[in-house]
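A.B. asks: Sequence order for the protein chains is A and B. Mapping of the first sequence onto this note's numbering: residues 1 to 264, in sequence order. Mapping of the second sequence onto this note's numbering: residues 1 to 162, in sequence order. All C-beta atoms, glycine included, are put in the ideal place defined by N, C-alpha and C. If you scroll down you'll find the structure; I have some questions about it.
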Amino acid sequence: MYDTTYHRAGSLQDAEAKFAAAEDAKFLAGGQTLLPTMKQRLAAPSDVIDLGKVPDLSGISEGDGSLVIGAVTTHYEVASSDVVKRLIPGLAALAAGIGDPAVRYRGTIGGSISNNDPAADYPAALVALGATINTNKRSLSAEDFFEGMFMTALEEDEIVTNVSFPVAEKSAYAKYPNPASRYAMAGVFVAKTSAGSRVAVTGAGSDGVFRVSEMESALDANWSPEAVAGISVPADDLLSDIHGSADYRANLVTVMAKRAVAAT
Amino acid sequence: MTTVSMTLNGKKVSANVDDRTLLVQYIRETHGLTGTHVGCDTSQCGSCVVHVDGKAVKSCTMLAAQADGSHVTTVEGLANGTELHPVQAAFREHHGLQCGFCTPGMIMSAVDIISRHGADIDEKTIRHELEGNLCRCTGYQNIVKAIQAAAQEMHGAKVAAE
Ligand SMILES: Cc1cc2nc3c(=O)[nH]c(=O)nc-3n(C[C@H](O)[C@H](O)[C@H](O)COP(=O)(O)OP(=O)(O)OC[C@H]3O[C@@H](n4cnc5c(N)ncnc54)[C@H](O)[C@@H]3O)c2cc1C
Ligand code: FES
Ligand code: FES
């Protein structure tokens, strides 16, 4: 790792000021993506601003028909929260399947979505549930937030403060994990929301998370695994790499969609 | 440079180190506790697992400065004098190690796994929970056996004490 200067932010304002004063800073949350990247010298920020101990950014709360999760809330906290399990069980199950226990103790929802790895799990949940991402500057819908592979609408100095999820009637997530990394080869989040049925796919799209409208209409008519069994996504826009071809991933998407619906 | 202070295995320590110092370097190089190992540079092997404020984390994927003010326990901090921790004793009893490289991380993860799941943890759960700990000698069979035995032993001890 190249040299860097570490700062621990005491508040959101403090984090903003420290970021502005630095030459080429990066925010640090759980560090489960940023630190490995810095160790490999693929990133070399002059300063890292640690958001991990900012009180306003952590915690889980129940709103009026919504669930609000602070940006630095860890995967472990989401997975073990009784509130999340009661309101959106699919989200708790998703968090419980991210990486391994040590990664879940440190990694955060804000870090995961800001990074927007095409194989990360959370983006599927945010898009399927129609979540709102709140930052220190504005509020964004999940579909506007995720722009493509490792790309989000966030500006350099913008900080995710929390994610607000409308409570869904039904929710579940099924992923086929890469056996070595545990990241999704294909992960499908299904939700029955007040806006209708929603299906979002991660791990498979070459542009990151995407929705499958054909499956959504089929589930609106009949919420059952059989309803999505005959629907496949075109392989043209899917990832193809040493772990699996685009055709293989297209097949996985249908299988994971069936499993997710069966789990609700 | 930055001053990093913490309680390491019950002892207050402090040192002036580079900001980029990883927690594992701080433990091994600054304080000479070489029980914690480094087996990869991709955050995947788990041989570096220590407890930070009671949570089992990869010390290669945390800056020492992030742990400033924390309580950190390494494998050296488990035994009570010459009496091994029940998980350590079970690894010895059940031959849960071959070359021993992954063992400190396995043991630190195991202590955390047992504290979350209790005595009746089944084999499938243990294997699933060990996803972040790799053993290149592939001696998982006996590692799983040792963890299961330690879970029962620790629970049994608790019942006896009640
Ligand atoms: C072995 C291993 C296995 C993993 N497996 C999975 C998996 O199966 N599924 C999965 O989804 N992920 C997986 N991950 C990634 C993990 O979920 C990370 O926690 C996550 O990608 C990043 O979160 P973090 O809190 O660690 O962020 P960091 O690494 O601290 O930061 C990541 C990026 O986000 C930025 N950032 C962080 N917080 C904010 C914020 N509040 N506002 C704005 N920008 C911010 C940082 O500047 C940085 O660019 C794995 C990681 C490891 C090491
Ligand atoms: S050395 Fe920390 S995970 Fe391999
Ligand atoms: S005992 Fe050799 S790596 Fe596990």
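#1: Terminal residues of the continuous alpha helix (DSSP H) containing A/E62?
#2: Here's the rule I'm using: 16 or more other beta-carbon atoms within 10 Å means buried, otherwise exposed. How should B/L97 be labelled?
#3: Look at the alpha carbon of A/G31 and the alpha carbon of B/A110, and state the distance between them as a whole number of angstroms.
#4: Out of B/E123, B/H71 and B/G118, which one is the CA nearest neighbour of B/M6?
#5: For A/A92, tell me which candidate among A/V167, A/A153, A/L42 and A/S46 has the shortest Cα-Cα distance.
#6: Let me have the residue list for ligand 3: C-beta closer than 5 Å to any non-hydrogen atom, ordered along the chain.
#7: Closer than 7 Å by C-beta to B/D18: which residues in its own chain qualify, once you throw out the five before and the five after it? Chain order, please.
#8: Please list the terminal residues of the continuous beta strand (DSSP E) segment that includes A/D307.
#9: Which residue or residues does DSSP assign as beta-bridge partners of A/V199?
#10: Decide if B/K124 is buried, meaning its Cβ has at least 16 other Cβ atoms within 10 Å, or exposed.
#11: Does ligand 1 have even one heavy atom less than 6 Å from the beta-carbon of B/N9?
#12: So B/K55 is in the beta strand (DSSP E); what residue range does that whole segment cover?
#13: Got a sec: does ligand 1 put a non-hydrogen atom nearer than 6 Å to the Cβ of B/D41?
#14: Report the option in B/A67, B/C102, B/D41 and B/T82 whose CA atom is closest to the CA atom of A/T270.
#15: Taking 5 Å as the limit, name every residue whose beta carbon sits nearer than that to some heavy atom of ligand 1, in sequence order.
#16: I think B/L22 touches B/A64, with their Cβ atoms under 8 Å apart; what is that distance to the nearest whole Å?
#17: Take the Cβ of B/R28 as the centre, count every other Cβ of all protein chains shown within 10 Å, and call the residue buried at 16 or more, exposed below.
#18: Report yes if the CB atom of A/A262 is closer than 7 Å to the CB atom of A/T202, and no otherwise.
#19: For the alpha helix (DSSP H) containing B/L130, list its first residue and its last residue.
#20: Just the C-alpha distance for A/T264 and A/D82, rounded to the nearest angstrom, thanks.
#21: For the putative contact between B/Q148 and B/I126, defined by C-beta atoms under 8 Å, what is the C-beta separation to the nearest angstrom?
#22: By DSSP's criteria, A/T108 is part of a beta bridge. Which residues make up the other side?
C.D. replies: Let's see:
#1: From DSSP, A/E62 is part of no alpha helix (DSSP H) but of the beta strand (DSSP E) over I60 to E62.
#2: buried
#3: 23 Å
#4: B/H71
#5: A/V167
#6: B/L97, B/Q98, B/C99, B/F101, B/C102, B/C135, B/R136 and B/C137
#7: M1
#8: Outside the displayed range of chain A (1 to 264) lies residue 307 of chain A, so it cannot be described from this structure.
#9: A/V190
#10: exposed
#11: no
#12: K55 to K58
#13: no
#14: The shown model of chain A, from 1 to 264, leaves out residue 270 of chain A, and the question about it has no answer.
#15: A/K26, A/F27, A/L28, A/A29, A/G30, A/G31, A/Q32, A/T33, A/L34, A/A71, A/I98, A/G99, A/V103, A/G107, A/T108, A/G110, A/G111, A/S112, A/S114, A/N115, A/A120, A/D121, A/I159, A/V160, A/R182, A/Y183, B/S43 and B/Q44
#16: 7 Å
#17: buried
#18: no
#19: Careful: B/L130 lies outside any alpha helix (DSSP H) and carries neither H nor E.
#20: 18 Å
#21: 6 Å
#22: A/T74
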